[in-house]
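Taken in sequence, the protein lines are chains A and B. For the first sequence, this note's numbering gives the first residue as 132, with consecutive numbering after it. For the second sequence, this note's numbering gives the first residue as 658, with consecutive numbering after it. From the three backbone atoms N, C-alpha and C, an ideal C-beta is built for every residue, glycine too. Below: one structure, written as structure tokens.
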Amino acid sequence: MDLTYNEAELAFRDELRAWFSEQEIEPEEAGHDAEYARRLAFHRALVSGGWAAVDWPEEYGGRGATLMQSAIFYEELTRSGAPLPVNVLGILLAAPTIMRWGTPDQKDRFLHPILTAEEIWCQGFSEPDAGSDFASVKTRAVRDGDDWLITGQKVWTSEAQIAKWCMLVARTDPDVAKHKGLTFFLMDMEQEGVQVVPLRQMTGESEFNELFLDNVRVPAEHVLGGVGDGWKVALTTLMNERSGLGISLQVTLRQRLDGVIAAAAERGLLEDTAVAERLGELCQRTELLRLLAYRGLTSVEKYGQPGPEGSLTKWLWSDTNQQLTQCAADLLGTSALRAGSQPAYALLRSRGNSIEGGTTEILKNIIAERVLGLPKAR
Amino acid sequence: MHFDLTDDQKEIKDVARQLLASRSPMAKVREAAEAERYDEALWTELVELAWPGIAVSEEHNGQGLGAVELAVLLEELGYACAATPLLSTATAASVIDACGNDDQRSRWLPGLATGEQTAGIGTPTLVADAEGAAVVVLVDGDDASLVVEPEAEPFQSIDPTRRYATVRGRAEPLGAGAADRVRAAIAAEVAGICQRALDVTVEYVKERKQFGVPVGSFQAVSHRCVQMLMHTESARTAAYYAAWAADADAGRLPEAAALAAAAAAEGAIEVTGSAIQAHGGIGFTWEADLHWLYKRAQLDAALLGGAAQARRTLTRLTAATLEVAR
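See below:
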């Protein structure tokens, strides 16, 4: 065990710190839309500094960072107060999937504009009747000469309103077992038949969309992997969804918790043992999240896959973030309930945390089956 | 950055697991608990293996290993719920070695490391293995002291797998970090108790059928098991972290030990309590071995000072850091 950074990791961190210290970083905005503008501006700085996709191989414009260095990047980015890059779905999900399954032409065509955020990506996996049960995808793709014609509906497509491309999973063979008949398409969003309808969420904003597809034409060379390989190609994407950003989320959580503790201290609330214990429980969960993340990273580096702790972090994070935003609202009075304030936005937004990227209930089912070896849930 | 045991540490863990499984199966724990005495043959064997001195330097007759090795050994001791004074003796010895002065080291370590003498550990109101102990490490909040010529007043706790008492005697101060090292060690034992309760429960709910299916297929049951896993992994992760900090990063030890105490005290009671619940009626019987784990867990949580106190410490340490940063 060694919970310090080695020389290479320290050098990487110091280089990052030096770079971040030279950047002008605007303060965080309340709300997704205002924050997006700040992210886009900072993304351009990341691109010019060569930091937009540290974990990509150098041949594609990354730095070939190890998993731990990648974690250090997100840690330092968040510590500096800088926002996450834009096009996260492209950089963290689409690109690794294309690198793994793409043809040389597909890599040439798609990777660079992902890095620079000239082309934003969205993810068309979830459907009204295929949320947690992803293999139940109903969107159909029918062969038409050299093309495919795609018809169906997707939901919870974040960034669809600004996306140029979509990672789309559709059913190409209705006659085989449900996960065998799927194909993974790279679909151009700017064409006839694609309709994006914003889905207004409980924060009042529209981060997500419904996506209606009516005979949308996708050329055969935009199939990723092979026809009928959609399930395993999509698994590459989903595996990436569960890693990468964890450290950034943890650091943000820690910063917010420190903010609440400082505010509570100013108001003299820490003398109240109930308050001190509640905040201490949040410290406990937040620090555990950090340690579990490092255990998970070590496990992936050593054994190629996360250990049992890896499956626990998303659940622990969403629970803790909800508890923290509630605690802030309880301790800091009505200022945290004022519309448009950061704590109010965080309080409302946190309700999505235990649903997006796999509901807590589904995560528990997965852990029960895959980690504990319990029979399939009923 | 590397958060995993080394191959050598894993080897210690595997050997300990196998040895305790054969020498101290639950039947032996039950036998010792019902007779309210320790398993003498087991202690003799552990002494021959030099386990009491695992984290004592070689110049004082120990094995010269560190707090992480002690932690993995104690984790397995907890897994077995073994009826033996190893937790208190090995922990006290490692604490005296790390935080005692030269006199204390040369006076106590040779006897403790070789198992010729035993030690107690605990708080002002609860000490494990004080009776017959040559010396007791007493933890009171952030401070720790060494009680020499301890006068033990034994009492019967709900946990008959271990002997408990209150202690009086002349107290000598111990150096910084002693209290935190004791908590890190107890937390490691708790991680093992939790793992045992979880393993036994997972096996049971796979086998036990109601309504024609294994009860483990019901989400009400499986999600409880997953919560047990969360607590178990949390206790283990925090205990390893605290053990690592004890030897490698004294600056992080206070927070790490408070974290370990909070995670372990909470996990101990939640996991062993859940194990009883998931077993249904059989879990509540004297025949089921779960209550030994539950009782040990309760006493360990008390030795740790409880989750609430540890959480107040975490808040206090954070507030102090933020104050300095301003």
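One question on the structure: do B:Arg687 and B:Leu699 come within less than 7 Å of each other, judged by their Cβ atoms? no
Compare the C-beta of B:Gln867 with all C-beta atoms of chain A and state if any pair is closer than 7 Å. B:Gln867 has a beta carbon lying at 7 Å or more from every beta carbon in chain A.
From this set, B:Asp797, B:Val872, B:Gly826, which residue's C-alpha is nearest B:Arg838's C-alpha? It is B:Asp797 whose Cα lies nearest to the Cα of B:Arg838.
Which of the three DSSP states, helix, strand or coil, is assigned to A:Thr314? A:Thr314 sits in a strand when the DSSP states are folded into three classes.
Contact between the region 154-165 of chain A and the region 469-482 of chain A is defined here as three or more beta-carbon pairs at a separation below 8 Å; is this criterion met? As far as the Cβ criterion goes, the region 154-165 of chain A touches the region 469-482 of chain A, which means the pair count is three or higher.
Say whether chain A places a C-beta atom closer than 7 Å to the C-beta of B:Val872. no
Can you have a look at B:Asp786 and say buried or exposed, based on whether 16 or more other CB atoms are within 10 angstroms of its CB? buried
Would you mind stating whether A:Thr456 and A:Leu478 have Cβ atoms separated by less than 7 Å? With respect to A:Leu478, A:Thr456 sits close: the two C-beta atoms are nearer than 7 Å.
Buried or exposed for A:Gln200, please, with buried defined as at least 16 other CB atoms from any protein chain shown within 10 angstroms of its CB. buried
How about B:Ala919 and B:Ala964: do their beta carbons lie closer than 7 Å? Taking a C-beta distance under 7 Å as the contact criterion, B:Ala919 and B:Ala964 qualify as a contact pair.
Anyone know if the C-beta pair for B:Thr889 and B:Gln852 falls short of 7 Å? Result yes, Cβ atoms of B:Thr889 and B:Gln852 sit closer than 7 Å.
DSSP state of A:Met370 mapped onto helix, strand, coil: helix
Which value, in whole angstroms, describes the spacing of the CA atoms of B:Gly772 and B:Asp760? 19 Å
Does any residue of chain A bring its CB to less than 7 Å from the CB of B:Val883? yes
Do B:Arg840 and A:Gly411 have their C-beta atoms within less than 7 Å of each other? No.
Close-in-space but distant-in-sequence residues of the same chain around B:Val804 (CB under 6 Å, 5 per side omitted): Val793, Leu795, Val824, Gly826, Ala828
Going along the chain, which residues of its own chain have a beta-carbon closer than 8 Å to the beta-carbon of A:Ile493, five neighbours each way excluded? Ser263
Host beta strand (DSSP E) of B:Ala739 (start-end): Premise fails: B:Ala739 is in no beta strand (DSSP E) and is neither H nor E.
Could you check whether the region 235-254 of chain A touches the region 293-303 of chain A, counting it as contact only if at least three pairs of C-beta atoms, one from each stretch, sit closer than 8 Å? With the cut-off at 8 Å, the region 235-254 of chain A and the region 293-303 of chain A touch.
Residues of chain A with a CB under 7 Å from the CB of B:Glu668: which are they? None at all; the shortest Cβ gap to chain A is about 15 Å.
In chain order, what residues of the same chain lie with their CB nearer than 8 Å to the CB of A:Met320, ignoring the 5 residues before and after it? Setting aside the 5 residues that flank it on each side, A:Met320 is surrounded in the same chain by Cys253, Ala291, Ala294, Lys295, Trp296, Cys297, Val327, each with a C-beta closer than 8 Å to its C-beta; the list follows chain order.
Could you check whether B:Ala922 and B:Thr818 sit closer than 7 Å to each other, using their CB atoms as the reference points? no
If you compare alpha carbons, which of A:Asn340, A:Thr368, A:Ala394, A:Leu422 is closest to A:Gly377? Of the candidates A:Asn340, A:Thr368, A:Ala394, A:Leu422, the one whose C-alpha sits nearest the C-alpha of A:Gly377 is A:Leu422.
Can you tell me whether B:Phe812 is helix, strand or coil according to DSSP? strand
Secondary structure at B:Gly779, three-state DSSP: helix, strand or coil? strand
Three-state secondary structure assigned by DSSP to A:Gln284: strand
Which value, in whole angstroms, describes the spacing of the CA atoms of A:Arg373 and A:Lys445? Low local confidence applies: a pLDDT of 47 at A:Arg373 is under 50, so the model's placement there is unreliable, and no value is given.
Close Cβ partners of B:Leu974 (< 8 Å) along its chain, the five nearest in sequence each way excluded: Pro911, Glu912, Ala915
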